[in-house]
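Since the structure comes first, as structure tokens, the remarks are kept for the end.
Numbering (the working numbering), first residue to last: 990 to 1231.
Structure representation (structure tokens):
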């Protein structure tokens, strides 16, 4: 058993308090864009997906999209409390929850066609170990999200006190260069297969302004600005054929 992270980030993201960050029209919009990106990456795959594992997915944000894609969906959480929101959801009876170590998942190698992990990587101290586990248990595809050191997110560190003042319950997080993520996936036999960049305007400002910024985001996506500067990034990696 690997016990490298003592306070697992998915305990927080599985909570009702965290879900309130995505309440209201602005929250619904943020989740809509996220799931549109996820489904676009899934459609781009060439192999049918019969089984999916969402690591740290007690927030339940991906359940509906994954059920539309895969015949069998499993969520791995670090603690039994991570199952509570999914159990209360209308789709909860269609999802299997497993409690176990996020950095030593209780599954055999290549157990799932697809492995996802959203809102987790940037909060893990040993993020490279998490990527190794995602790759180990995936037969074909891995999809993760992460903030990049590009666009307005480059100002994230100096602006963090302001962000904290606005959002109150925001968490510290790590940002990455895409090359950092790509190198670790390559080490475990996976290649980049597509990305979806979500927002140019920081998510905290979306929460503060409601849906007023949504038309601006749509315009920036239409002219290609989001493709260059958007954050966070959803990225799909495919196993390289042996």
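A virtual CB, placed ideally from N, CA and C, is assigned to each residue, including glycine.
Per DSSP, the continuous beta strand (DSSP E) segment holding residue 1181 begins and ends at 1179 to 1188. The beta carbons of residue 1037 and residue 1109 sit no closer together than 7 Å. The beta carbons of residue 1178 and residue 1225 sit no closer together than 7 Å. Close CB contacts of residue 1060 within its chain, under the 6 Å cut and outside five residues either way in sequence, are with 1039 (chain order). With a cutoff of 7 Å on beta-carbon distance, residue 1221 and residue 1187 are scored as near each other. By the Cβ criterion, the stretch 1064 to 1080 is not in contact with the stretch 1012 to 1022, since fewer than three pairs of Cβ atoms, one from each stretch, lie closer than 8 Å. Closest in C-alpha terms to residue 1164, from the list 1138, 1005 and 1088, comes 1138. Inter-residue distance for residue 1049 and residue 1058 is about 15 Å (C-alpha atoms, whole angstroms). Nearest to residue 1166 by alpha-carbon distance, out of 1092, 1005, 1134 and 1194, is 1134. Of all C-beta pairs linking the stretch 1202 to 1220 to the stretch 1092 to 1103, fewer than three are shorter than 8 Å, placing the two stretches out of contact. In summary, residue 1115 is exposed, with fewer than 16 beta-carbon neighbours lying within 10 Å of its beta-carbon over all protein chains present. In this chain, the alpha helix (DSSP H) harbouring residue 1002 covers 998 to 1002. By DSSP's assignment, residue 1088 forms a beta bridge with 1066. Following the DSSP letters along the chain, one finds residue 1030 inside the alpha helix (DSSP H) bounded by residues 1013 to 1032.
Cβ-Cβ distances below 8 Å link residue 1105 to 1027, 1041, 1042, 1043, 1044, 1046, 1051, 1055, 1131, 1132 and 1133 in the same chain, with the five nearest sequence neighbours on each side left out; the list follows chain order. The beta-bridge partner set that DSSP reports for residue 1130 consists of 1103 and 1227. It is roughly 22 Å from the alpha-carbon of residue 1012 to the alpha-carbon of residue 1112. Nearest neighbour of residue 1032 by Cα position, chosen from 1007, 1069, 1185 and 1086, turns out to be 1185.
Where residue 1207 is concerned, there is no enclosing beta strand (DSSP E), although the alpha helix (DSSP H) around it starts and stops at 1203 to 1211.
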